[in-house]
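Below: one structure, written as C-alpha cells.
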Amino acid sequence: MLTYKTIIKTSFILLIVLSALNLISANILSTKGLAVAIQEKEVLRLEKENRQIKTKIEEASRLSDVESLSHSLGFVRSGQVVYLQTSAGFALK
4 MLTYKTIIKT SFILLIVLSA LNLISANILS TKGLAVAIQE KEVLRLEKEN
54 RQIKTKIEEA SRLSDVESLS HSLGFVRSGQ VVYLQTSAGF ALK
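Residue numbers for the sequence shown follow the working numbering, beginning at 4 and rising by one.
Rendered as C-alpha cells:
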C-alpha cells in the first residue's frame, strides 16, 4: 500500500531525475547552437571570399584589359581570316 512518505520520496526522486534530464538536454542544445553559430560564421566568410574572387575574375576578364595585354605581348589584330584547306579524311583518322 502506498503511504504518504513513499509518494513524497518517489515524487522527489522523479523531480531530481527530470531536472537532471532537463539540464542535460539544455547543455546539448546550447552546444549544438554554438556549433551552428560557428558554421554560419564560416558560411558568411566563404560567401565574402567568393564575392571577392568573382570580382577579381570580372576585372581580369574585361575585354579592354585582355586587348591591352595582347598588344603588350606583341599580338596584332588580324585584318582578315584565312582558312586552310586540308584533306577531308584527316580529321576522321
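Ideal placement from N, C-alpha and C gives every residue a C-beta, glycine not left out.
Values in this document were obtained by computation on a predicted structure and should not be read as measured data.
Interface flag, residue i vs chain C, CB-CB below 9 Å
| i | result |
| --- | --- |
| tyrosine 7 | Of the protein chains in this structure there is only one, and it is not chain C. |
Beta-carbon proximity list for residue i, same chain, < 7 Å, skipping 5 on both sides
| i | result |
| --- | --- |
| threonine 89 | none |
| serine 71 | none |
Beta-carbon contacts of residue i that lie in its chain and below 8 Å, excluding the five residues immediately before and after
| i | result |
| --- | --- |
| aspartate 68 | Glu62 |
| glycine 36 | none |
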